[in-house]
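Participant:
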Amino acid sequence: MKPGNALLEASGTTIFTVMSALAARFGAINLGQGFPDTDGPMGLRDAAAQHLREGPNQYPPLTGVAPLRAAVAAANARFWGLAIDPEREVVVTSGATEALAASLMGLLNPGDEVVLIEPLYDTYLPVVRLMGAVPRIVRLNPPEWRLDLTALAAAFGPRTKAMVLNTPMNPNGKVFSVAELDAIAGLLAAHDAYAICDEVYEHLVFDGACHVPLMTRPGMRERCLRIGSAGKTFSFTGWKIGYVSGPARLMGLVAKAHQNLTFTSPPALQLAVAEGLAMPDAYFAGLAGELAARRDLLAAGLTRLGFEVLPSAATYFLTAGYGRIADMADDAFCRRMTEEARVTAIPVSAFYAADPPMGFVRFAFCKRPEVLEAALARLEAWPALTGAGVPA
Ligand code: PMP
Ligand code: GLN
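Its first residue numbered 119, the sequence shown is counted upward by one per residue in my numbering.
#1: Return the residue from the list T215, V210, A217 and M249 that minimises the CA-CA distance to L226.
#2: Quick one: give me the first and last residue of the beta strand (DSSP E) that S347 is part of.
#3: Is it right to say Q388 is buried, meaning 16 or more other beta carbons lie within 10 angstroms of its own, or is it exposed?
#4: Taking only three categories from DSSP, how would you classify P474?
#5: Can you tell me whether G364 is buried or exposed? The criterion is at least 16 other CB atoms within 10 Å of its CB, across all chains shown.
#6: Got a sec, what are the start and stop residues for the alpha helix (DSSP H) E172 sits in?
#7: Under a three-way DSSP split, which group does T156 fall into?
#8: What did DSSP end up calling K374 once you bin it into helix, strand or coil?
#9: Taking 7 Å as the cut-off, decide whether the C-beta atoms of F451 and A459 are in contact.
#10: Once the 5 residues before and after P178 are set aside, which same chain residues still bring their CB inside 7 Å of it?
#11: Nearest CA to the CA of A411: which residue from G145, V210, F483 and P228?
#12: Counting pairs of beta carbons, one from the segment 165-172 and one from the segment 396-409, are three or more of them closer than 8 Å?
#13: Identify whether M119 lies in helix, strand or coil by the three-state DSSP scheme.
#14: Can you grab the Cα-Cα spacing for the pair I255 / L379, in whole Å?
#15: N284: beta carbon under 6 Å from a heavy atom of the ligand GLN?
#16: From the DSSP output, which residues share a beta bridge with E231?
#17: If you measure from the CB of G152, is any heavy atom of the ligand GLN nearer than 6 Å?
#18: Under 7 Å, do V391 and A348 count as touching if we go by C-beta distance?
#19: Please state if the CB of L283 and the CB of P253 are separated by a distance shorter than 7 Å.
#20: Using only the alpha-carbon positions, how far apart do R496 and E408 sit?
Right under this line is the structure:
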């Protein structure tokens with residue numbers, strides 16, 4: 119029989135699903151796929167339940183229910199000083215995953231070039247390619263994850279249509295500096311290009327680090343599509359409610375892409391998320407503070423066990439080198455750690471299109487402290503970490 123889409127025929131299942139399945143098979147503590155093990159605020163669950171019981175339960179408006187569009191616009195103003203028109207400049211999507219696909223779909227024509235930064239979140243490259251666009255990849259390397267501005271400038275050219283910028287960044291917890299953002303802004307303006315800003319971790323920032331949306335920088339208001347996720351902001355990764363904010367002209371295109379992808383998302387969940395975005399500052403600060411404490415717990419334990427833990431200023435994740443512990447590829451290390459120690463992480467090589475840096479894995483710390491302690495205890499008992507070495 120004829121093959122289906124060539125790009126999809128050639129691609130595998132996402133690493134997050136692969137590693138979660140392996141974790142389940144071996145009864146491992148899953149510090150791989152990024153999801154909290156404690157659900158978000160009960161008040162929001164109650165609100166969602168009430169809306170499910172009492173309605174609305176039929177198709178909501180294409181761009182999202184009015185209270186959520188208003189709440190997204192208000193949150194843009196409250197947290198980032200951005201004036202967004204809730205009628206024309208917000209589209210609610212089924213998670214940031216759909217927001218990314220709809221934004222790329224809304225902007226790209228076949229042959230357009232898109233600048234991407236490695237490490238890459240796993241949907242960027244496939245969607246760019248499915249659109250017939252051409253990726254131009256700039257890489258960051260551990261341990262510094264420094265953005266080489268010369269390499270970045272070299273990736274831009276006359277055919278550059280857009281760049282995807284993920285800050286705060288998965289998997290390394292990098293928060294791009296204002297100087298880096300301004301260099302990016304200069305290139306976007308010089309090349310008349312757009313930015314798709316994946317800011318799903320906008321509220322999960324620690325240690326006084328400061329997340330700055332590219333959209334707030336001079337000249338960027340009309341060039342950026344800014345994406346957020348209720349999954350991350352309210353610890354409901356299964357709800358799949360995301361939102362895009364951007365200039366009306368581009369948002370019309372995002373809406374048309376969205377109408378062909380999902381058209382809408384469950385109204386009860388949208389209404390609950392609208393309440394969430396209006397919660398007081400203490401909620402957002404509390405979430406970040408809790409995550410920072412969990413990061414510290416895991417980082418200290420991994421360091422004690424011989425990992426080289428790299429700084430993480432944000433997100434659910436930290437990256438760590440295991441070069442002092444074992445000499446093998448990172449996917450093999452993650453597999454062995456799952457099967458033998460029964461702790462799961464994600465190989466950092468999965469975030470690179472080619473020639474990945476070797477020797478680094480990503481751990482999720484968005485778990486209860488006792489779960490992180492239990493994972494550390496299992497690692498401590500793993501022969502690889504007790505001086506016995508990993509058997510060949
Ligand atoms: N972008 C990044 C950087 C992510 O880490 C994730 C997943 N957690 C997403 C997008 C997708 O978010 P959502 O679950 O809202 O689709
Ligand atoms: N964003 C999550 C992570 O990085 C996973 C989301 C997914 O499984 N698609 O772990």
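Beta carbons: idealized from backbone N, C-alpha and C, even for Gly.
Facilitator: Checking against the coordinates, here is how it stands:
#1: M249
#2: Run containing S347: C342 to S347, per the beta strand (DSSP E) assignment.
#3: Around the beta carbon of Q388, 16 or more other beta carbons sit within 10 angstroms, so the residue counts as buried.
#4: coil
#5: buried
#6: M160 to E172
#7: coil
#8: helix
#9: no
#10: T382, P385 and Q388
#11: Looking from the CA of A411, the closest CA among G145, V210, F483 and P228 belongs to F483.
#12: Touching, no.
#13: It is coil, neither helix nor strand.
#14: Roughly 26 Å between the two C-alpha positions.
#15: In this structure, the C-beta of N284 stays at least 6 Å away from each heavy atom of the ligand GLN.
#16: V252 and T278
#17: yes
#18: yes
#19: no
#20: 23 Å
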